[in-house]
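Chains as they are written, first to last, in this note's numbering: chain H, 7 to 372; chain U, 15 to 820. All C-beta atoms, glycine included, are put in the ideal place defined by N, C-alpha and C. Remarks on the structure that follows.
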């Protein structure tokens, strides 16, 4: 008996590996893909390698926005990033902060997101459907007030057509004066403004002279006035942020980015390396010599008052007497946006993700 | 060697009753001439047939065609261009960048030569020189573009500068042009059939490519070639070396056998009979419409090996009987009587071991199973019947016969038993037997724990069939390094209604899956029509990255799709392909990916839009891994089931069956542990080895146990019975175990990695099964087999018992 037990025990051990180790394949519980406006941005493993389109400072903090609703924060000047929850997963296009706590982000499908806590949490203030509705209401009112105005009738027709289409049109730029006044502009001349921090919006499209519905790529403050730039060299200025009048176009190609210099002059970056300077109060922008035939992607005001422009192939230039000069080491990757961190170093964003140009490099070049 | 005790030749089989013995024995040995004639005719016919045998490799045979993933792929194979059969030829300038007149000239000449090779899908061939390679640039007025190599290219510094600018604008960096711009690729899609309707001959194509490499790879030009066609070409090339390894293995086996028997006649007979079996087998293959491929090419050698093992047993039996003074005919008949059933059972076990491989739904393994089963069936005729019949004619050298009985004689003359036999005898005694079982138990537990880490699939980069330092794998590493994307490509097919492949709702799902997968560990990058739409929208928007979005704008999606390259969607626009480039093809990576995609498909498949797995080399490997994982345990279950059943039939004792099977199980466990230790995964090439190991290993146990059991039933003590088994069949087990292990061990030096892996594992199994049969078997018998009290049986009853038992 003892022997039998011994041997059957051995047999059991030997037979163990033969037992089927087949496991029920735990299938990941997934939900069906929903609308981009209903789907929160996915938390991803290495978010800093994704595509980023815009950067901003919120006090000491850096905020990066990019594809599929990605918003990243960095509290160590761009060395480490963390992803925060965003209620939509559309591509985000621009970010602006009025102060360290209040900021807005624009995106595709007419999305405007707002934060009141320096970027930790975001709420959806506007989407394409609501934006189209705001413009439609405004256009109706205008058409009712002036039934004989051909412009107003055309505007109403356009607004009705856009409201009928898929709400996919993007906002492409945002600027804020304070925690209440914010202006968003986008494709097909879309332009809305809020004076209550985004709780309600009204359309500026009747007050911007843009009959061809050109894309508006940039909006910036120049002193107390507001400037818009866009397709086909479109340039317009407003003293109150409500009524815009076009400026003479300096160029027939697109203008992508705007930033003011310490002396109040506005630097304008455009297609194929074309850059212009618009002096404070001047009506005509002056062309600067072209250094490289690559389109500018972003412009920022540096801490020392100079303007820094980045181009799509990674070139970085600063404003100098008589034009621009190459500054810092050119990045060997496309740059979509650039920001200066609190410690003076630069952080760039683009198709290959976020990267930091450490402060020593910056000061060495200076 | 003492040959003095020469026995007088009995001359004739006087006094032997030819009517004795079983019906089969009488049928064969009383018509020996007919048996010989029949065998001779068969050998001639099949020998002639075997000249028709073809060596081939087919892509589809190596994949589990029954698996749903593969079925999905095969159903759509024609639509999935660029996923199967494309050669990538990287032409590198070792002296600098590609913007060099001499380099470009060579590239042009080489492209033209490749263009003319039979089997090249010329319409889709692509290089810097093909007109389809274009650049696009944004200007104030819209888009501008042209061929990358300027129309007025003349080799001047100006046209080289223009070429450099065009390449920058062409989006081909990382595709046709390496990141470091020191090499460029000629992409060569292949047709399944050459224009004259013949199937593409990979061996010929690989030869032509090597010739071109030899001609052009000089003066600062280096050429790297990857692709299935090249890999298969290299494998077929390697097969010729496999033949050399077989020849070496056969020579070693023969030499060792001769060294052991000292008898040219019988050694040659055993070798010839085993070779006859191989000839019959090779002759039957074309008759049954089979071909040899890189996997089954090993089978003829295995058949030879098994033949040697059985042949040596028969020869040894006959030799000993002749040594005892019997006539060669009588000796042959007695040996036939004693060992035919054991041999038959052993061969049936082998055949079952092979046949069980049929359950693996991979054509190469099924072919291998059938081919091997045929071979083993043939052995029943050649080595169990033809060999004794032949030996009954030629006999053995008397001197050798005397040597074969050395131990017996020594004992009779009062000398001590050979120390080695005395050592083995220790295992029939309680202390050593307990120790042996204890050690085995520890080994089994340790081995089992290690074997839990057994990996499924391949673990190395590049082509796992070839060695890591082979030319092909070095070329593959070059491609990965210079062009970014690894060669491990997993493709997901998205089936849509006709014309709906660019619909927003479809692309939205593809875009989402794309995004989810890029977050998975092991995924390097992805590509899909959704991603192309994002990129193209940026391109069409003057390069402004803010437009990086899949817009819900059907007109835009349709426009972009219309200009999309072939491969992301098909002609009928009802199939999209999502490409996932992986950092490796480890089973873990593949399993994670497959599970994620399955989950996504379950949540998102509709009647119209279906996400289907899987194509691309990694997709095929994922399916293969699944099939192999399932087959691995199932196969062991069946092979052991069959072996246990056959042992029960043979021994008529469950205790004896346990004694025979437990050592085999230990070997199986330790073999898995060895695979973990050597970093060999369970894959198409190694799966058969585990089953073959059991099938071949049981031979040893059967030969030892049947003699041991016969003597026990005669009333001998375990020690005595075991000694008798050792000096008759046991020493031949030792001989064949060692010989065959040396034979297959030489495969370790094979240029083909899977042959080397098989060689190591088979050698281990040959040796360890032998050790198990000689050491663990008696130890187990000590505890499991009851010793009958000696009942002094009469001579006739013993004879009956022996023939009955064996």
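For residue 139 of chain H, the three-state secondary structure derived from DSSP is helix.
At the C-beta level, residue 326 of chain H and residue 341 of chain H stay beyond 9 Å of one another. Annotation for residue 57 of chain H: no alpha helix (DSSP H) segment contains it, and DSSP assigns it neither H nor E. Per the Cβ contact rule, the segment 565-573 of chain U is not in contact with the segment 116-128 of chain H (fewer than 3 Cβ pairs under 8 Å). Between the alpha carbons of residue 677 of chain U and residue 791 of chain U lies a distance of about 7 Å. Residues of the same chain with a CB within less than 6 Å of the CB of residue 81 of chain H, apart from the 5 flanking positions on each side, are 67 in chain order. Nearest neighbour of residue 139 of chain H by Cα position, chosen from H/94, H/99 and H/167, turns out to be H/167. For the C-beta of residue 357 of chain H, the chain U residues within less than 7 Å are, from N- to C-terminus, 559.
Per the Cβ contact rule, the segment 215-228 of chain H is in contact with the segment 265-275 of chain H (3 or more Cβ pairs under 8 Å). With the rule of 3 Cβ pairs closer than 8 Å, the segment 488-499 of chain U counts as touching the segment 239-253 of chain U. Residue 96 of chain H belongs to the set of residues whose beta carbon lies under 9 Å from a beta carbon in chain U.
At a cut-off of 4 residues, the continuous stretches assigned as alpha helix (DSSP H) that sit fully inside the segment 446-525 of chain U are 485-497.
Positions of the beta strand (DSSP E) runs, each at least 3 residues long and wholly inside the segment 52-132 of chain H, are given as 58-64, 67-72, 77-80, 98-103, 109-113, 117-121 and 129-132 in order along the chain.
Here the alpha carbons of residue 789 of chain U and residue 433 of chain U stand approximately 15 Å from one another. From the listed residues U/265, U/276, U/307 and U/212, the smallest Cα separation to residue 250 of chain U is found for U/307. Residue contact check for residue 616 of chain U against chain H: a CB pair falls below 9 Å.
Residue pairing from DSSP places residue 627 of chain U in a beta bridge opposite U/506. In the structure shown, residue 112 of chain U falls within a coil segment according to DSSP collapsed to helix, strand and coil.
The alpha-carbon of residue 36 of chain H is positioned some 15 Å away from that of residue 50 of chain H. Residues of the segment 328-356 of chain U whose Cβ lies closer than 9 Å to any Cβ of chain H: none. Residue H/324 holds the alpha-carbon nearest to the alpha-carbon of residue 312 of chain H among H/256, H/324 and H/236. Nearest Cα to residue 715 of chain U within the set U/477, U/695, U/750 and U/684: U/750. Interface with chain H (9 Å Cβ-Cβ cutoff): residue 102 of chain U is excluded. Between residue 105 of chain U and residue 236 of chain U, the C-beta spacing is below 9 Å. Around residue 733 of chain U, no beta-carbon contact reaches into chain H at under 7 Å, the shortest distance being about 18 Å. Neighbours of residue 91 of chain H across chain U, judged by C-beta separation under 9 Å, do not exist; the nearest C-beta is about 16 Å away. Only those residues of the segment 144-169 of chain H whose C-beta falls short of 8 Å from the nearest C-beta of chain U would be listed, and there are none. Setting aside the 5 residues that flank it on each side, residue 334 of chain U is surrounded in the same chain by 418 and 419, each with a C-beta closer than 6 Å to its C-beta; the list follows chain order. Contacts between residue 566 of chain U and chain H, judged by CB atoms closer than 7 Å, involve 172 and 174 in chain order. In the displayed model, residue 357 of chain H falls within coil according to three-state DSSP, outside both helix and strand. Contact with chain H is found for residue 562 of chain U, since one of that chain's Cβ atoms lies less than 9 Å from the residue's Cβ. DSSP, reduced to helix, strand and coil, places residue 340 of chain H outside both helices and strands of the structure shown, so it counts as coil. Residue 779 of chain U is positioned such that its CB atom lies no closer than 9 Å to that of residue 373 of chain U.
Residue 529 of chain U belongs to the set of residues whose beta carbon lies under 9 Å from a beta carbon in chain H.
The residues 94, 96 and 133, in chain order, have a CB closer than 6 Å to that of residue 117 of chain H in the same chain once the five nearest residues on each side in sequence are set aside. For the segment 504-525 of chain U, the residues whose beta carbon sits under 7 Å from a beta carbon of chain H are, in order, 522 and 523.
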